[in-house]
Amino acid sequence: MSSERIFKMAFSSVYPLYIQKAEKKGRTKEDVDTVICWLTGYDENGLQAQIEKESDLETFFAEAPQINLNAHKITGVICGVRVEEVADPLMQKIRWLDKLVDELAKGKAMEKVLRT
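Convert by adding 4 to the 1-based position in the sequence shown; the result is the number in my numbering.
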């Protein structure tokens with residue numbers, strides 16, 4: 005799948021998949037919301053507004069209030085790609101989010117997932 009196609013995917017179509025992945029491993033929707041809000045700076049209302057207006061991933065991240073200053077601490081491999089080596093800034097943000105949800109689903113403590 006091309007980067008352009010990924011960027012145009014609706015966040016509202018990806019969001020339930022994140023929740024499903026986390027819930028299969030005993031985590032909650034609230035846990036997923038916590039990591040999304042931590043990364044993007046959205047509050048619950050802002051996150052819900054993005055879902056309701058069906059923003060694509062490009063818009064979702066472009067309108068994010070503040071990418072967390074500790075996001076650069078997110079490292080590791082997701083989908084066979086090292087997140088810290090992703091050259092495209094938007095794709096890196098998408099991979100960061102994928103990595104956070106993956107760590108959540110693998111049972112990591114929230115403090116470790118949120119790099120605190």
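Each residue gets a CB set at the ideal place from its N, CA and C atoms; glycine is no exception.
Listed as beta-bridge partners of I40 by DSSP are no residues whatsoever. Residue A66 holds the alpha-carbon nearest to the alpha-carbon of K12 among T38, N74, A66, I82.
Counting along the chain, the unbroken alpha helix (DSSP H) around R99 starts and ends at 93-109.
Within its own chain, the residues whose Cβ lies closer than 7 angstroms to the Cβ of L94, once the five positions on either side in sequence are excluded, are F11, E62, F65, listed in chain order. Using a 10 angstroms sphere on the CB of T44, the tally of other CB atoms reaches 16 or more, which defines it as buried.
Taking C-beta separations shorter than 7 angstroms and ignoring five residues to either side along the sequence, the partners of R31 in its chain run L108, A109, following chain order. Look at I55 here: in three-state DSSP terms it is helix.
V90 sits in coil when the DSSP states are folded into three classes, being neither helix nor strand. Boundaries of the alpha helix (DSSP H) around E8: 7-11. In chain order, I82 place their CB closer than 6 angstroms to the CB of D102, counting only its own chain and leaving out the 5 sequence neighbours on each side. In the structure shown, the three-state DSSP call for A14 is strand.
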